[in-house]
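The structure appears below as structure tokens.
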Amino acid sequence: MQFTIKNKIFIGLGISISIVVILSIFEFLNFSRIIHEIQQLEVSDVIKSKSLQIRRHEKNFFLFGYRESNKEMKILYNYLDEMDDIVNNNLPYDSSGYLHNLKNLIAHYRQKFNELLILISQIKKELDKNKIFKTKELILINSALLENPGAVIDFLKQSSTEDNKELIVLLKKLDNNIQELRKTGEEIVNISKKIDQISRDNIEKVMKRSYGMFFLFLTLFFLGGNGIFWIVGKNIIKRLNLVTSVVEKVGEGKFIQISNGSKKDEIDLLIRKINEMENKLMQRKIELEEKNKQLFQSKKLAAIGTLATGVAHELNNPLNNIYISVQILQKELKEPSAFVNEILNDVSHEIARVKRIIEDLLEFARGKEPVFKKVRIKDIILKASNSIIKQRNFKNIDLKEIPEEIVITADPDQLERVFFNLFDNAIDAMHEDGQIKLKILEKNDFVEISVSDTGIGIPADKLEKIFEPFFTTKNRGTGLGLAIVYNIIQKHNGKIFVESIEGKGTTFRILLPGTSYEL
Numbered sequence: 142m143q144f145t146i147k148n149k150i151f152i153g154l155g156i157s158i159s160i161v162v163i164l165s166i167f168e169f170l171n172f173s174r175i176i177h178e179i180q181q182l183e184v185s186d187v188i189k190s191k192s193l194q195i196r197r198h199e200k201n202f203f204l205f206g207y208r209e210s211n212k213e214m215k216i217l218y219n220y221l222d223e224m225d226d227i228v229n230n231n232l233p234y235d236s237s238g239y240l241h242n243l244k245n246l247i248a249h250y251r252q253k254f255n256e257l258l259i260l261i262s263q264i265k266k267e268l269d270k271n272k273i274f275k276t277k278e279l280i281l282i283n284s285a286l287l288e289n290p291g292a293v294i295d296f297l298k299q300s301s302t303e304d305n306k307e308l309i310v311l312l313k314k315l316d317n318n319i320q321e322l323r324k325t326g327e328e329i330v331n332i333s334k335k336i337d338q339i340s341r342d343n344i345e346k347v348m349k350r351s352y353g354m355f356f357l358f359l360t361l362f363f364l365g366g367n368g369i370f371w372i373v374g375k376n377i378i379k380r381l382n383l384v385t386s387v388v389e390k391v392g393e394g395k396f397i398q399i400s401n402g403s404k405k406d407e408i409d410l411l412i413r414k415i416n417e418m419e420n421k422l423m424q425r426k427i428e429l430e431e432k433n434k435q436l437f438q439s440k441k442l443a444a445i446g447t448l449a450t451g452v453a454h455e456l457n458n459p460l461n462n463i464y465i466s467v468q469i470l471q472k473e474l475k476e477p478s479a480f481v482n483e484i485l486n487d488v489s490h491e492i493a494r495v496k497r498i499i500e501d502l503l504e505f506a507r508g509k510e511p512v513f514k515k516v517r518i519k520d521i522i523l524k525a526s527n528s529i530i531k532q533r534n535f536k537n538i539d540l541k542e543i544p545e546e547i548v549i550t551a552d553p554d555q556l557e558r559v560f561f562n563l564f565d566n567a568i569d570a571m572h573e574d575g576q577i578k579l580k581i582l583e584k585n586d587f588v589e590i591s592v593s594d595t596g597i598g599i600p601a602d603k604l605e606k607i608f609e610p611f612f613t614t615k616n617r618g619t620g621l622g623l624a625i626v627y628n629i630i631q632k633h634n635g636k637i638f639v640e641s642i643e644g645k646g647t648t649f650r651i652l653l654p655g656t657s658y659e660l
């Protein structure tokens with residue numbers, strides 16, 4: 142998926158909306174929990190209140206005596222029934238287990254209270270049956286029976302009659318029952334208080350969590366939303382500023398490629414298009430500079446050619462006359478001295494050298510167009526090597542890496558001149574003592590020919606000028622040999638390159654179109 146600016150904006154909005162939705166859902170659930178906890182708090186408060194009421198009416202029951210306690214007994218049973226209903230209805234929400242314990246305590250309390258009533262009834266029958274007590278004693282016994290059964294037992298023990306034994310046994314059971322009933326009632330109150338405290342603690346926790354989560358989500362919303370917009374906005378603005386800066390530099394003629402990293406959005410597309418535009422502009426600039434250079438070179442060569450043609454014509458006639466005169470002198474002087482004969486030979490040799498220079502000037506000036514035909518490259522190189530062997534008597538030319546079958550479309554005479562000039566320069570660079578090595582490779586539609594020597598090399602600061610007319614690093618020659626080579630290769634739609642290391646040698650690499658190349 143490409144993260145365009147549009148996608149990034151929608152993602153940012155989506156994240157912000159998601160945070161709001163999550164916060165809303167959480168607050169809704171939390172609000173529901175708060176309502177539930179409030180309801181539980183109300184229930185726990187009712188339980189606590191009714192447990193205290195049970196204890197209060199329990200005390201009243203024991204305080205008023207069993208003859209006047211019917212009203213308190215009914216109220217007590219009503220509260221126990223209400224407590225049962227409340228506990229049973231809320232048992233499904235009992236996570237602490239206290240309601241279950243409370244239910245058991247209420248059942249146990251009801252059981253003990255029922256047993257208490259049975260014992261009171263039995264004691265009442267025993268008292269009614271026992272005729273030894275006076276009315277005053279009965280009133281005292283009845284008033285202290287429920288509030289302090291132990292005191293009644295002590296009183297009966299003092300009388301120590303056989304009829305009191307059964308009554309004493311019942312009173313002891315009653316005393317134990319009252320103690321256990323009060324203890325159970327106290328446990329009911331304690332558990333009710335714990336249930337109430339748990340409810341209050343729960344609602345406090347829910348409220349604190351609600352506040353905390355609200356501020357947490359609010360902070361996340363603020364930081365997340367603003368962070369997303371800040372990051373996206375800063376990234377967009379930063380890259381747009383970079384694009385603006387680069388466009389300004391392009392206007393100044395400086396071409397700078399923009400690195401767009403791994404971004405995949407509209408600005409990335411803009412950056413790619415600007416990079417493509419810069420590449421095309423840079424290519425056009427290089428082509429334009431090359432064309433200007435070629436045009437300047439052509440104008441310069443044309444001017445030099447015009448000058449060379451005029452000079453050559455002006456020099457040819459006097460040189461011919463001098464050459465003829467030297468030949469006549471050599472014939473007329475039947476027995477010239479060795480000194481005169483040496484002078485005449487030197488003059489003839491120098492005239493021949495000047496004539497070769499004039500021929501180079503005319504060759505350079507004419508710039509004859511090539512006549513193309515299919516030729517074997519090896520045949521051309523062999524002709525050039527044979528010519529250089531005859532003229533310079535140099536035989537150390539390695540032709541082992543020249544394949545037999547490579548055919549190109551070229552002017553054989555002009556290419557022979559190319560290799561002859563390269564061989565001639567190499568021999569001069571090696572001071573006629575070294576090796577020339579040729580290597581030919583086929584590359585796609587082109588043939589690459591390398592001519593290497595083991596000479597003194599060319600200084601790095603002079604490499605760019607060696608193809609210019611009249612530029613030479615030698616003490617002899619006109620400096621037109623490599624200029625002629627360059628022109629011939631250009632007319633063959635080829636290219637020539639030079640690599641040289643001082644003290645180790647020089648390599649000329651020529652790229653020429655193969656037979657499949659359309660001229």
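Per my numbering, the sequence shown starts with residue 142, numbered consecutively. Each residue gets a CB set at the ideal place from its N, CA and C atoms; glycine is no exception.
Per-residue burial, residue i [other beta carbons within 10 Å of its own, 16 or more giving buried]
i, result
"P553", "buried"
"D409", "buried"
"K277", "The pLDDT assigned to K277 is 47, lower than 50, so where the model puts this residue is not dependable; a value taken from the coordinates is nonetheless given after this. Exposed, by the Cβ-count rule."
"G646", "buried"
"A601", "exposed"
"E643", "exposed"
"K624", "Correcting the residue type first, residue 624 is Ala in the shown sequence and not Lys. When all chains shown are included, A624 counts as buried."
"V162", "exposed"
"T447", "exposed"
"L322", "buried"
Top-ranked residue by Cα proximity to residue i, from the options
i, options, result
"G635", "A551, K606, Q424 and E643", "A551"
"Y218", "F254, I651, G655 and F513", "F254"
"S165", "S351, K432, R533 and V488", "S351"
"I339", "K189, V162 and L311", "K189"
"L485", "A493, L470, K496 and I498", "L470"
"E345", "V162, I179 and I427", "I179"
"V388", "K379, F363, L359 and E419", "E419"
"E328", "R494, L193 and R413", "L193"
"H241", "N457, I332 and I264", "I332"
"Q491", "N461, G575 and P511", "Here residue 491 is Glu; the residue named in the question, Gln, does not match the sequence. Nearest of N461, G575 and P511 to E491, Cα basis: N461."
"F638", "I630, F649 and A479", "F649"
"P511", "E583, H633, P459 and A479", "H633"
"D225", "P459, M214 and K191", "K191"
"D235", "H177, I521 and I499", "H177"
"L308", "S262, K472, D186 and K324", "S262"
"N458", "V495, N211 and Q631", "V495"
CB contact flag (residue i, residue j, <7 angstroms)
i, j, result
"L204", "V228", "no"
"V330", "R196", "yes"
"L361", "I156", "no"
"I543", "K519", "yes"
"V548", "V626", "no"
"E256", "N318", "yes"
"L260", "L315", "yes"
"E605", "L652", "no"
"I264", "L311", "yes"
"G598", "S528", "no"
"I629", "Q532", "no"
"K584", "S591", "no"
"V488", "V467", "yes"
"I521", "E545", "no"
Rounded Cβ spacing between residue i and residue j (contact assumed at less than 8 angstroms)
i, j, result
"I530", "K524", "Their Cβ separation, rounded to whole angstroms, is 11 angstroms, which puts I530 and K524 out of contact at 8 angstroms."
"P654", "F587", "6 angstroms"
"I714", "F561", "Given a span of 142 to 660 for the chain in the structure shown, any question on residue 714 remains unanswerable."
"Y250", "I336", "Not confirmed; about 16 angstroms, so no contact."
"M675", "F167", "An answer regarding residue 675 cannot be provided, because it is not within the stretch 142 to 660 covered by the chain."
"D594", "M571", "6 angstroms"
"V384", "L422", "Wrong, their Cβ atoms sit about 15 angstroms apart, outside the cutoff."
"E183", "G326", "Between G326 and E183 the Cβ distance is about 23 angstroms, and since that is not below 8 angstroms, they are no contact."
"G622", "N566", "6 angstroms"
"G575", "G596", "6 angstroms"
Under the three-state DSSP convention, the category residue i falls into
i, result
"I594", "Just to set this straight, residue 594 is Asp in the shown sequence, not Ile. If DSSP states are grouped into helix, strand and coil, D594 belongs with coil."
"S528", "helix"
"I158", "helix"
"T648", "strand"
"E643", "coil"
"F611", "coil"
"V548", "strand"
"L621", "coil"
"L474", "coil"
"I518", "helix"
"K334", "helix"
"P553", "helix"
Contact test: residue i Cβ vs the ligand SAH heavy atom, cutoff 6 angstroms
i, result
"V639", "With respect to the ligand SAH, the structure offers nothing, as it holds no ligand at all."
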